[in-house]
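Heads up: the structure comes next, in C-alpha cells.
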Amino acid sequence: MRKTVENKKFNFVLLGYNRATIEWSPSINAYALEDFNCDGVEEFSLEEARVDEILGERAYSGGDIPETLIDEVQEATINQDAVTYKYFFYEGDYEKNAADFISFIKENYPEISLYSAQRDFEDWNAEWKKFYNPIHVSDNIEIIPEWMADTHVKKARQQVYIYPGMGFGTGTHETTFLCMVLFDQVMNEFNNKNTCLDFGCGSGILGIAAMKTKQMQTHFVDIDRSALENCTQNLVLNFAGENLEGTELVIRERYNPKKYDLVFANILEHVLISEKPTIDASLKSGGYLIVSGILNHQVETIVNAYSKMEKVSVVSKGDWSAILFKDKV
C-alpha cells in the first residue's frame with residue numbers, strides 16, 4: 008500500500024551508473040533503504056553519456072537540476088537500457104535523509120554521477136504514471152498498471168494488476184521481468200493444488216502471478232512491513248471479492264519454513280547466500296526455485312552456492328540475470 012504522505016514536498020536523488028559501476032547498485036540500494044530511510048527506489052532508462060548528450064552545457068553534477076530538465080532527461084530515455092536509479096525521500100526528516108545519502112555517495116562512490124531535486128508532492132502521481140505502461144511478458148502473463156485496469160482489454164487470468172511507483176517491484180525492473188520469464192517456462196508444471204512462496208515479496212507481483220495464472224496457494228514473506236502493505240493492496244486489486252483462504256502474508260522475523268512447490272526469491276546476492284538455509288528448507292523435493300536480484304557476473308557465485316540443486320535455465324537482460332533451479336529428487 009502506498010504510504011500516507013504528510014509532507015507537501017519530496018526529495019529525489021538520481022544516481023547514474025555506467026558499465027564499470029553498475030555492480031555497486033544492489034549494495035547502494037540496500038544502504039539507501041536500510042541506512043538512510045529511503046522511501047522508494049525506481050530504475051528507469053538513463054545512461055550517463057545520454058544525460059550529457061541531452062543536457063549538453065546545461066548538465067549539472069552534484070547539484071540540483073531544474074524540473075524541466077529532469078523531465079527532458081526522463082522522457083527522452085524511456086525504454087532504453089536502464090542504468091540509473093531514482094531514490095525517493097518523503098517521510099519523516101526526508102530532507103536530512105536525502106542530504107545524508109548524497110554525502111555518503113559523494114564520499115564513498117565519487118565515480119557515480121549524482122543529481123538531486125525537490126518537487127511538490129502533488130506532482131507525484133503524474134511523475135510516476137508517465138513511465139509505466141502494460142508489460143507483455145508472454146502470452147500467459149501481462150502486467151497492467153492499476154489506472155489502466157478499466158480501459159485495457161481484459162484477459163482474465165493472464166493479467167496481473169499492480170500499483171506501481173513505490174520501489175516494491177512493478178515488473179519494469181529486469182529482475183522482476185526475468186523471474187516472470189522463468190515462471191512462464193515451467194508454468195505448465197503447476198496447478199491449483201500446488202503451493203508457492205514469494206520470499207522477499209515486495210509488491211507481491213511474482214506470487215500474484217502464480218495465483219492468477221495457476222491458482223496456486225501462495226504465501227508472501229518480506230522484511231519490510233510497508234512492502235507487505237503494498238502487497239495487500241495489490242492482492243485486493245487483483246482478487247476483489249474472491250476467496251483468498253490459505254493466502255498468508257508474514258513478516259520475515261516470524262516466518263518458519265514450510266515446504267512449497269515453487270519459491271521466488273528476487274533479492275540481492277548476499278541475501279540469497281545468507282538466507283540459503285531458509286530457502287532450502289522452504290522447497291519441496293522436486294520443487295522449482297527462481298532467484299534473481301543478481302548481476303550477470305554473480306550468476307556463477309549463486310550457482311555454486313546452490314550446487315545441490317539442478318540449474319535448469321539462466322536468462323539475462325541488460326546487466327541482470329535470473330536463475331531457475333530444480334530441487335534434485
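Throughout the sequence shown, residue numbering follows the working numbering, covering 8 to 336 in sequence. Glycine residues also receive a C-beta, built at the ideal position from the N, C-alpha and C atoms. Model, not experiment: these values are computed from the prediction.
Between residue i and residue j, is the Cβ-Cβ spacing less than 8 angstroms?
i    : j    : result
S123 : V20  : yes
M316 : K291 : no
F17  : Y94  : no
N44  : N104 : yes
T91  : G23  : yes
V312 : K265 : The residue you asked about is not Val; residue 312 is Ala in the sequence shown. The answer is no: Cβ separation not under 8 angstroms.
V278 : L204 : no
Q275 : A39  : Gln is not the amino acid found at residue 275; the sequence shown has Leu there. Cβ distance not < 8 angstroms, so L275 and A39 don't count as in contact.
G294 : Y267 : yes
I150 : V144 : yes
Identify the continuous alpha helix (DSSP H) that holds residue i and give its terminal residues.
i    : result
R261 : Run containing R261: none; DSSP gives neither H nor E here.
N241 : R232 to F246
Y38  : S32 to D42
N2   : It is not possible to answer for residue 2, since the shown part of the chain is limited to 8 through 336.
I6   : Since the first residue shown for the chain is 8 and the last is 336, residue 6 is missing from the structure and cannot be characterised.
T182 : E181 to V193
E307 : V306 to A312
K283 : K283 to A288
At what residues does the beta strand (DSSP E) containing residue i begin and finish?
i    : result
N201 : Element bounds for N201: n/a, residue is neither H nor E.
Y101 : Run containing Y101: none in the beta strand (DSSP E); it sits in the alpha helix (DSSP H), Y101 to N115.
H226 : Q224 to D229
I274 : I274 -> no beta strand (DSSP E), and no H or E assigned at all.
K221 : Per DSSP, K221 belongs to no beta strand (DSSP E); it is in the alpha helix (DSSP H), I212 to K221.
P152 : E149 to P152
K93  : T91 to F96
L251 : It is not in any beta strand (DSSP E) - L251 carries neither H nor E in the DSSP assignment.
D334 : W327 to D334
V144 : That residue, V144, is in no beta strand (DSSP E); it is neither H nor E in DSSP.
Q165 : Run containing Q165: none; DSSP gives neither H nor E here.
D127 : S120 to D127
E317 : M316 to K324
Since residue i contacts residue j with CB under 8 angstroms, what's their CB separation in whole angstroms?
i    : j    : result
V298 : I309 : 6 angstroms
L296 : I286 : 7 angstroms
E181 : W327 : 4 angstroms
I142 : F190 : That belief does not hold up - the Cβ atoms of I142 and F190 are roughly 14 angstroms apart, past 8 angstroms.
Is there a Cβ from chain D that is less than 8 angstroms from the Cβ of residue i?
i    : result
G253 : In summary, chain D is missing from the structure at hand, where a single protein chain is found.
Of the choices the options, whose alpha-carbon is the least far from that of residue i?
i    : options                   : result
E153 : R259, E260, I169 and G300 : I169
A329 : V278, N273, D287 and N311 : N273
D42  : F246, E49 and I112        : I112
I148 : S233, N198 and M187       : M187
F96  : K265, R259 and D127       : D127
L242 : V167, N311 and N36        : V167
P117 : G248, N25 and D231        : N25
I212 : G248, K200 and Q165       : Q165
R261 : T202, I230, S289 and N250 : I230
S233 : E98, E307 and P33         : E98
I340 : N198, Q125, N303 and V336 : Here the chain has residues from 8 to 336 only, and residue 340 is not among them.
N263 : L244, A288 and F184       : A288
L244 : L331, S314, L185 and M155 : M155
Q125 : A106, I142, I119 and F190 : A106
S120 : D146, N198, A27 and F246  : A27
F108 : N198, N199 and I35        : I35
P33  : V336, L331, I258 and Q305 : Q305
When you compare the region 219-237 with the region 193-205, are there three or more beta-carbon pairs, one atom per stretch, that lie closer than 8 angstroms? yes
Inter-stretch contact at 8 angstroms, needing at least 3 Cβ pairs: the region 200-217 / the region 321-331: Under the three-pair Cβ rule at 8 angstroms, the region 200-217 does not count as touching the region 321-331.
The region 225-238 in contact with the region 246-258 per 3-pair CB rule at 8 angstroms: yes
Answer yes if the region 196-210 comes into contact with the region 235-248, meaning at least three C-beta pairs across the two stretches below 8 angstroms, and no otherwise. Flag = yes, the region 235-248 and the region 196-210 touch.
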